[in-house]
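Novice:
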Amino acid sequence: MSWLRALKHTARSGMKIERTRLEPLVALRGAAGLAIVIAAGLALLGPASAASSAFGAFMAAIASFQQSWRPRPVLALASGLTLAVSTFVGYLVGASHTGLFLALLAVWTFAAGLLWAVGPTAGIIASGNVAIMLVTVTLPTSVPQAAGHAAMIAAGGVVQALLIVLFPIRRWGAQRDALADALAAEADYARRLRHDPGAPFDPQPLMRARAAATVTPRQARRRPAELHGARGLAERIRPVLASLADPRTATAAAAARRAEAPDDAPPRTLAHAPLQTPADAPAPAPAGAPAEDRVRELLAAAGSVLDAAARAIRHGEPVRVPAPALAVLRSPDTADLLAGAPLRAARRLAVLLDDVLETAEPGSGRSAGPGEVMLRPSLWRLAPRVWEAVRAELRPGSPVLRHALRVTAVACAGLVIGRALPFGHAYWAPMASVMVMRPDFSQTYSRAVARFTGTLVGVAVATGIVQLAHPGMYLSGLFAVVSAYLMYVLMRTGYAVSQVFVSAYVVFLLGMGGLRWDQTVPDRVTLTLVGGVLAMLGYALYPAWETPRLRHRLADWTAANGRYAAAVLAQYADPAGARRADVRDTLLAARDARIAWQEAVARAAGEPVRHRGLSRAAADAAAEALAALGRGTMLLEAHLPERAHAPVPGAAGLAEALRTATEAGAQAVREGRVPEWGAVRELLDEGDGAAAGPLRGPAGRLLDSLDEVSEALRS
Numbered sequence: 001m002s003w004l005r006a007l008k009h010t011a012r013s014g015m016k017i018e019r020t021r022l023e024p025l026v027a028l029r030g031a032a033g034l035a036i037v038i039a040a041g042l043a044l045l046g047p048a049s050a051a052s053s054a055f056g057a058f059m060a061a062i063a064s065f066q067q068s069w070r071p072r073p074v075l076a077l078a079s080g081l082t083l084a085v086s087t088f089v090g091y092l093v094g095a096s097h098t099g100l101f102l103a104l105l106a107v108w109t110f111a112a113g114l115l116w117a118v119g120p121t122a123g124i125i126a127s128g129n130v131a132i133m134l135v136t137v138t139l140p141t142s143v144p145q146a147a148g149h150a151a152m153i154a155a156g157g158v159v160q161a162l163l164i165v166l167f168p169i170r171r172w173g174a175q176r177d178a179l180a181d182a183l184a185a186e187a188d189y190a191r192r193l194r195h196d197p198g199a200p201f202d203p204q205p206l207m208r209a210r211a212a213a214t215v216t217p218r219q220a221r222r223r224p225a226e227l228h229g230a231r232g233l234a235e236r237i238r239p240v241l242a243s244l245a246d247p248r249t250a251t252a253a254a255a256a257r258r259a260e261a262p263d264d265a266p267p268r269t270l271a272h273a274p275l276q277t278p279a280d281a282p283a284p285a286p287a288g289a290p291a292e293d294r295v296r297e298l299l300a301a302a303g304s305v306l307d308a309a310a311r312a313i314r315h316g317e318p319v320r321v322p323a324p325a326l327a328v329l330r331s332p333d334t335a336d337l338l339a340g341a342p343l344r345a346a347r348r349l350a351v352l353l354d355d356v357l358e359t360a361e362p363g364s365g366r367s368a369g370p371g372e373v374m375l376r377p378s379l380w381r382l383a384p385r386v387w388e389a390v391r392a393e394l395r396p397g398s399p400v401l402r403h404a405l406r407v408t409a410v411a412c413a414g415l416v417i418g419r420a421l422p423f424g425h426a427y428w429a430p431m432a433s434v435m436v437m438r439p440d441f442s443q444t445y446s447r448a449v450a451r452f453t454g455t456l457v458g459v460a461v462a463t464g465i466v467q468l469a470h471p472g473m474y475l476s477g478l479f480a481v482v483s484a485y486l487m488y489v490l491m492r493t494g495y496a497v498s499q500v501f502v503s504a505y506v507v508f509l510l511g512m513g514g515l516r517w518d519q520t521v522p523d524r525v526t527l528t529l530v531g532g533v534l535a536m537l538g539y540a541l542y543p544a545w546e547t548p549r550l551r552h553r554l555a556d557w558t559a560a561n562g563r564y565a566a567a568v569l570a571q572y573a574d575p576a577g578a579r580r581a582d583v584r585d586t587l588l589a590a591r592d593a594r595i596a597w598q599e600a601v602a603r604a605a606g607e608p609v610r611h612r613g614l615s616r617a618a619a620d621a622a623a624e625a626l627a628a629l630g631r632g633t634m635l636l637e638a639h640l641p642e643r644a645h646a647p648v649p650g651a652a653g654l655a656e657a658l659r660t661a662t663e664a665g666a667q668a669v670r671e672g673r674v675p676e677w678g679a680v681r682e683l684l685d686e687g688d689g690a691a692a693g694p695l696r697g698p699a700g701r702l703l704d705s706l707d708e709v710s711e712a713l714r715s
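Residue 1 is where the sequence shown starts when you use our numbering, and the numbers rise one by one after that.
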């Protein structure tokens, strides 16, 4: 992509408005906290202290909107307290010496840039603290006043945290949404399998639900029972759905019925579930063989049941299952139409769906035992992990390190240029740079365009209101609170939209302190443009392109898929002694690698960089082949032998050959070579052991997927 096309693409992205679910009550709570702080500050301490405390409450509320699974009061407190420390230290250092403050700004900004290694929430909070610090250090005039301002900023964070505790809105709502989204994704997958047995499945909802299920010890004691267990069941349902829909499984039903006696064990049913007949009842199956028709009906019924469970969990209400879906799952003639593997999959599906509904019922789910909860450390115990994550990025070529160096240089340059220009409020240039810069190209450029556009519109609207209304101190404070409320409500619809109200908020807040609009608006618009241009130049001169790293991401996914496949095959080699946890661990690693690949491709799509050996067509084809490899492995996992089962001959050698070949193939991908899979092919061509046993067909399909990876990279 050329630079011109990249700039057009990022400009359109920055101005894009998303349609998303709004949370007006949560925004109202944040605005109420801001109003309390501003009113108390104006009544007791004056406009300057009110502005300081307002910045603390404002940023604390923004922190509570971040996509983090930590308790919202903790995020608000962390934001308010760290901003208070930054403000106080910044005043002590910079009140008397500009050079010392520039050095402090460099250290603070570099540390904030490195915190992106921990995650976007930490990076956003740290960047916001640096940006607001640039403003708040200019408000006090003495050390006691600086301490007072810092205390007021911390008080703003405390007020927001207390309001979250005292007025909880949709408690556990984020966790409910994540789990419901995972179940809804499974339901959609089941319906798509009816028409496309090889339908792809994006594991991101399942990984997000897993992250949401990782809680602090305090959260674990208070979590509703229905939020425990359903995620694990959804994980187990997915391979059963794929196995049931697989054509080789469905068409084998008639042969299986002739080869073995029917299994008369009564299946578990969903008899306890309440009935209803909604409009989204399962559609009739297409015409075809009776066994195939029943498989399609079972998949449609599974989709309806999973959707019902998702709705119940999302809203905390009783489960209402469509009656036609229950009729299909209870149908007594399933055993007459299916046999062998298809019948076992159908019965297994009924058992798992029954467990999902039992768990999703409010208050009826089983509470987690201490050993079953995935715990995340408290903020104090998180410090060693933060240090390890940051230290891992202190290496040449690290995108996070490059971002930290880039944002540090740009922020310092912005402050120097801002003070050299004939304007007041020099901090607006570095503040704009710090707020728009991100570790990747597309976000940095799109946010720079959106920030300037939003600032231009926001200050124009706010200036018009000031010109017409001539608000005093208290009315300006009210306008600031209203602007903040609108920003909280609309902040997830787009960065440009949020910047409109942020700019208006700043104009009203500074007007509350007695500054006229003509003293602030021209400076803010001009210096925001300067900061945005500096941010864009900084990335252009010292980039961290994702495009050249695509081969490494693809290699990581290849190796992770190979380890997953080898772990599954090892279960066949030693059913009694193999660790089932190995399959789970390698599956999660493969999903992480796949998501990292998808995110890298999305970032690379907007970069003005040539593909350097991996074209978009080759990347898409290789990704499709690796997804097929993962699906083939998942089908093998769906039929893992019981521990009492005899070992499958040759499975151990096949597992080792696959692990070794994919590791070598991943290295070849990194080096720009086409991987070869000769060792696996030779083992399958020998004609003994696993090659002649039940794993010959599945292993051959895994090899076909690997060959497709090579073909994609060869083109």
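Don't be surprised by glycine CBs; every beta carbon is placed ideally from N, CA and C.
1. What ranges does the alpha helix (DSSP H) occupy inside the stretch 149–209, keeping only unbroken runs of at least 4 residues that lie completely in it?
2. Looking at Gly90: is its Cβ nearer than 9 Å to the Cβ of Leu81?
3. Might you give, ordered along the chain, the residues of its own chain that have their beta carbon closer than 7 Å to the beta carbon of Lys730, omitting 5 neighbours on each side?
4. Would you mind working out which of Thr87, Pro168, Ala60 sits nearest Ala150, comparing C-alpha positions?
5. Would you list the residues sitting across from Leu375 in a DSSP beta bridge?
6. Since Leu42 and Tyr474 should fall inside the 8 Å C-beta cutoff, what is the C-beta to C-beta distance between them, to a whole number of angstroms?
7. Roughly how many angstroms lie between the CA atoms of Ala199 and Gly316, to the nearest whole one?
8. In terms of alpha-carbon separation, which member of Gln66, Phe167, Val130 lies closest to Pro120?
9. Quick one: Cα of Val680 to Cα of Leu4, how far?
10. Excluding the 5 residues preceding and the 5 following Arg210 in the sequence, name in chain order all residues of the same chain whose CB lies nearer than 7 Å to its CB.
11. On a Cα-Cα basis, can you pick out the residue from Ala300, Thr444, Tyr189, Pro24 that is closest to Ala327?
12. With DSSP as the reference, label Pro322 as helix, strand or coil.
13. Here's the rule I'm using: 16 or more other beta-carbon atoms within 10 Å means buried, otherwise exposed. How should Thr141 be labelled?
14. In this structure, how does DSSP classify Gly403 when only helix, strand and coil are distinguished?
15. Could you have a look at Asp355 and say whether DSSP puts it in helix, strand or coil?
16. Considering Thr547, what are the terminal residues of the alpha helix (DSSP H) in which it resides?
17. How about the stretch 321–338 and the stretch 188–196: do they share at least three Cβ pairs that are nearer than 8 Å?
18. Is it the case that the Cβ atoms of Arg717 and Val674 are separated by a distance below 9 Å?
19. Assuming Ala50 and Met487 are in contact, meaning their beta carbons sit under 8 Å apart, how far apart are those beta carbons, in whole angstroms?
20. Within 10 angstroms of its Cβ, does Tyr542 collect 16 or more other Cβ (buried), or is it exposed?
21. Please go through the same chain and pick out, in chain order, the residues whose beta-carbon is closer than 6 Å to the beta-carbon of Val571, but skip the five residues on each side of it.
22. Express the C-alpha separation of Gly397 and Ala480 in angstroms, rounding to a whole number.
23. Pull up the CB-CB distance for Val93 and Leu100, whole angstroms please, since I reckon it's below 8 Å.
24. If distances are taken between C-alpha atoms only, which option among Met435, Gly632, Thr586 comes closest to Asn129?
25. To which residues of the same chain is Thr455 closer than 7 Å at the C-beta, ignoring the five residues directly before and after it?
26. Over what stretch of residues does the alpha helix (DSSP H) that includes Tyr495 continue unbroken?
27. Assuming Leu683 and Leu654 are in contact, meaning their beta carbons sit under 8 Å apart, how far apart are those beta carbons, in whole angstroms?
28. Does the beta-carbon distance from Met437 to Val410 come in below 9 Å?
29. Return the CA-CA distance between Leu306 and Ala291, expressed in angstroms with no decimal places.
30. Hey, quick one: how far does the alpha helix (DSSP H) through Glu711 stretch, first residue to last?
31. Leu472 by DSSP, collapsed to three states: which one?
32. One question on the structure: do Gly229 and Thr359 come within less than 9 Å of each other, judged by their Cβ atoms?
33. Excluding the 5 residues flanking Ser243 on each side, which residues of the same chain have their C-beta closer than 8 Å to its C-beta?
34. Rounding to the nearest angstrom, what Cα-Cα distance links Leu490 and Gly632 in this structure?
35. If you draw a straight line from the alpha carbon of Val85 to that of Trp380, how long is it in whole angstroms?
Specialist: Well, looking at it:
1. Correct list: 173–193.
2. Leu81 is positioned such that its CB atom lies no closer than 9 Å to that of Gly90.
3. Outside the shown range of the chain (1 to 715) lies residue 730, about which nothing can therefore be said.
4. The candidate whose alpha carbon is nearest that of Ala150 is Thr87.
5. Residue pairing of Leu375 in beta bridges, as defined by DSSP: Val215.
6. Their Cβ separation, rounded to whole angstroms, is 7 Å, which keeps Leu42 and Tyr474 in contact under 8 Å.
7. Here the alpha carbon of Ala199 sits roughly 31 Å from the alpha carbon of Gly316.
8. For Pro120, the closest of Gln66, Phe167, Val130 by C-alpha to C-alpha distance is Gln66.
9. For Val680 and Leu4, the distance between alpha carbons rounds to 47 Å.
10. Contacts found: Arg231.
11. Residue Ala300 is the option with its Cα nearest to Ala327.
12. DSSP places Pro322 in strand when its eight states are reduced to three.
13. With fewer than 16 other Cβ atoms within 10 Å, it is exposed.
14. Reading the sequence as shown, one finds His at residue 403 and not Gly. The three-state secondary structure of His403, taken from DSSP, is helix.
15. The DSSP-derived three-state label of Asp355 is helix.
16. Thr547 -> no alpha helix (DSSP H), and no H or E assigned at all.
17. The stretch 321–338 vs the stretch 188–196: no contact.
18. Absent from the structure is residue 717, since the part of the chain shown begins at 1 and ends at 715.
19. Contact flag wrong, Cβ pair sits at about 19 Å.
20. The residue is exposed, with fewer than 16 neighbouring Cβ atoms inside 10 Å.
21. One point to set straight first is that residue 571 is Gln, not Val, in the sequence displayed. The beta carbon of Gln571 sits closer than 6 Å to those of Ala578, Leu640, all from its chain and outside the five residues before and after it, given in chain order.
22. A direct Cα-Cα distance of roughly 43 Å separates Ala480 from Gly397.
23. About 5 Å; that satisfies the 8 Å criterion.
24. Per the Cα distances, Met435.
25. Apart from the 5 residues on each side of it in sequence, Thr455 sits with its Cβ closer than 7 Å to the Cβ of Gln499, Ser503, Arg524, Val525, Thr528 in its chain, given in chain order.
26. Looking at the DSSP string, the run of the alpha helix (DSSP H) that includes Tyr495 is 495–512.
27. Indeed, because the Cβ distance is near 6 Å, the residues count as touching under 8 Å.
28. When the beta-carbon positions are compared, Met437 and Val410 come within less than 9 Å of each other.
29. It is roughly 23 Å from the alpha-carbon of Leu306 to the alpha-carbon of Ala291.
30. From DSSP, the alpha helix (DSSP H) with Glu711 extends over 696–714.
31. Contrary to the premise, residue 472 reads as Gly rather than Leu in this sequence. It is coil, neither helix nor strand.
32. Cβ atoms of Gly229 and Thr359: closer than 9 Å.
33. Same-chain partners within the cutoff: Thr249, Ala341, Ala345, Leu635, Ala638, His639.
34. The straight-line gap from Cα to Cα measures roughly 43 Å.
35. Distance from the CA atom of Val85 to the CA atom of Trp380, rounded to whole angstroms, is 17 Å.
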